[in-house]
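Inspection log for the structure reproduced underneath, given as structure tokens.
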Amino acid sequence: MFLYMLKKGELAEIDRVIGSATWKKRLEDMGFVPGTLIQVVLAQSGNLIVEVRGTRFAINRDMAKHVRIRPRK
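As structure tokens, this is what we get:
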């Protein structure tokens, strides 16, 4: 499952970041690393506001397609 598939309020664990070295580095520098919990704060028009390690980020669908997740209940 990918990050862009989560809905508002849902929580997941980052499984891995995929894509080119540039995408991986950008996302990992923001804290998107395997094992980290991530929550969708807002999902609207393909854009997301997510919270990772207490910090909120606005990302677009293209960026969210590079983050594989495992949903948490």
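Our numbering puts the first residue of the sequence shown at 1215, with every later residue one more than the last.
Heads up, the beta-carbon is just placed ideally off N, CA and C, and yes, glycines get one too.
Could you check where the beta strand (DSSP E) with residue 1224 kicks off and where it finishes? In the DSSP assignment, residue 1224 falls outside any beta strand (DSSP E), carrying neither H nor E.
Given that a residue counts as buried once 16 or more other Cβ atoms are within 10 Å of its Cβ, and exposed if not, what is residue 1255? Residue 1255 comes out exposed.
Decide if residue 1232 is buried, meaning its Cβ has at least 16 other Cβ atoms within 10 Å, or exposed. So residue 1232 counts as exposed.
Excluding the five sequence neighbours on either side, which residues of its own chain have a C-beta within less than 6 Å of the C-beta of residue 1224, listed in chain order? Only 1254 meet the Cβ criterion.
N- and C-terminal bounds of the alpha helix (DSSP H) containing residue 1251: No alpha helix (DSSP H) contains residue 1251, which is instead part of the beta strand (DSSP E) from 1251-1258.
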